[in-house]
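Residue numbers are given in the numbering used here: position 3 of the sequence shown equals residue 24, and the series is strictly consecutive. Notes follow once the structure below has been shown.
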Amino acid sequence: MVALKTLEQKVNGFGTLIQGEITELFNSTTDEYAFEQMAGNIDKTRSYILPLIKQCQAKSVLDVGCGVGTMVNELFKEGLDAYGVDLITLGKYWQEQGFDPERYFFVDPYNLQLPFQDNTLDFAFTLGVIEHIGTSDGHADRLPNYHEIRATWLKEIYRVIKPGGYMLIGGPNRKFPVDTAHGPDSKASKLELKLTKLSGATIHKTWGENFLWAYSDIDNYLSGLPYEMRAQSVKGYVYFSRVPKPFRLLSKWYIDFMPKFMLKTGFNPWVMALIQKNN
């Protein structure tokens, strides 16, 4: 196992570095969504995450925002030194599945502190999470300082990665006008809300502020730190189940055959950034 910080506090057997009183800030996971993740994330782990981890020759892995913990468990079963962190509300799902409390930890989304020493892990990934960081409700209501919170959050993940190690950050692209994974931004315009209702998917402007993010935001958040970033395809990760049915085959074709030069642009519905920490 990797070197962990000393954890003086535990909640239901799981360690935490949350400062002060430990409270449930918000619950952004329903039981229905949790059970969906328990099943779906096994396939995503084996078809997408595990091959990429092997490609990066990583042995120690962290899932930041691990949800119900399925991906961590699958990676552990594959022989990897795998860990996960998430909100205190997710602990009940870890307990129900009998996961090892030495591998799962609670964190504060507004002040992320990870239970690892500097330069410890080979690989960390966070998927569908950063767009909810810096919100008041865990969804789409941006706080005034949400960019600052996200920068601090991302730099904390960077801190625990070894030089030469990797971070994988994924989520819907702010520069692409359609989002099938979430509802609208809390400050969406009347036109955006009307188009969303008519289309069955979230339609949003590609300029200005939004709770979603883009490749350019990562560069801003990690400004001054040594790293290289490569855009990755999401073929094998996105299953299009939330895309309106008439457009599912077209969406799959669009993603599967997207040219590499388009991956980092506003033509890509998803951001999937593989970041290597330089020495």
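Note that CB positions come from ideal geometry on N, CA and C, so glycine has one too.
{"Asked": "On the CB-based measure, 16 or more other CB atoms within 10 Å of its CB, does Asp139 come out buried or exposed?", "Found": "exposed"}
{"Asked": "Name, in chain order, the residues that DSSP records as bridge partners for Met250.", "Found": "Ile296"}
{"Asked": "Tell me the residue span of the beta strand (DSSP E) that contains Lys301.", "Found": "Beyond the ends of the chain as shown, which are 22 and 300, falls residue 301; an answer cannot be given."}
{"Asked": "Can you give the Cα-Cα distance for Ser254 and Ile74, rounded to whole angstroms?", "Found": "15 Å"}
{"Asked": "Can you check DSSP and say which residues form a bridge with Arg163?", "Found": "Thr156"}
{"Asked": "For Tyr187, which option in Leu83, Gly34, Leu38 and Lys26 has the closest C-alpha, if you only look at C-alpha atoms?", "Found": "Leu83"}
{"Asked": "Suppose you measure from the CA of Pro130 to the CA of Val150; what does that come to, to the nearest Å?", "Found": "10 Å"}
{"Asked": "How is Asp121 classed by DSSP in three states: helix, strand or coil?", "Found": "coil"}
{"Asked": "Taking one C-beta from the region 235-254 and one from the region 288-297 each time, how about it: are there three or more such pairs within less than 8 Å?", "Found": "yes"}
{"Asked": "For the region 25-39 and the region 205-222, state whether three or more C-beta atom pairs, one from each stretch, are separated by less than 8 Å.", "Found": "no"}
{"Asked": "Using a threshold of 9 Å, state whether the C-beta atoms of Phe120 and Val93 are closer than that.", "Found": "yes"}
{"Asked": "Going straight from the alpha carbon of Asn62 to that of Arg263, what length do you get?", "Found": "15 Å"}
{"Asked": "Pull up the distance between the alpha-carbon of Lys196 and that of Tyr236, whole angstroms please.", "Found": "9 Å"}
{"Asked": "Quick check on the DSSP output: the beta strand (DSSP E) that includes Phe56 runs from which residue to which?", "Found": "Segment Asp52 to Lys65 is the alpha helix (DSSP H) holding Phe56; no beta strand (DSSP E) there."}
{"Asked": "Can you tell me the Cα-Cα spacing of Thr66 and Gly100, whole angstroms?", "Found": "14 Å"}
{"Asked": "Measure the CB-CB distance between Met59 and Gln118 and report whether it falls below 9 Å.", "Found": "yes"}
{"Asked": "Which full runs of the beta strand (DSSP E) of 3+ residues lie inside the region 177-264, going along the chain?", "Found": "182-193 and 248-252"}
{"Asked": "Consult DSSP for Val93 and reduce its assignment to one of helix, strand or coil.", "Found": "helix"}
{"Asked": "What span of residues does the alpha helix (DSSP H) with Asp133 cover, start to end?", "Found": "One point to set straight first is that residue 133 is Leu, not Asp, in the sequence displayed. Careful: Leu133 lies outside any alpha helix (DSSP H) and carries neither H nor E."}
{"Asked": "If you draw a straight line from the C-alpha of Lys226 to the C-alpha of Leu212, how long is it?", "Found": "10 Å"}
{"Asked": "Measuring CA to CA, which of Met283, Ile154, Ala202 and Asp102 is closest to Tyr242?", "Found": "Ile154"}
{"Asked": "Check the DSSP bridge columns for Tyr1 and list the partner residues they point to.", "Found": "The displayed coordinates of the chain run from 22 to 300. Any statement about residue 1 would go beyond what the structure contains."}
{"Asked": "Could you tell me which residues DSSP puts in a beta bridge with Gln30?", "Found": "Thr37"}
{"Asked": "What are the partner residues of Thr147, as DSSP defines its beta bridges?", "Found": "Ile190"}
{"Asked": "DSSP state of Leu270, grouped into three classes?", "Found": "helix"}
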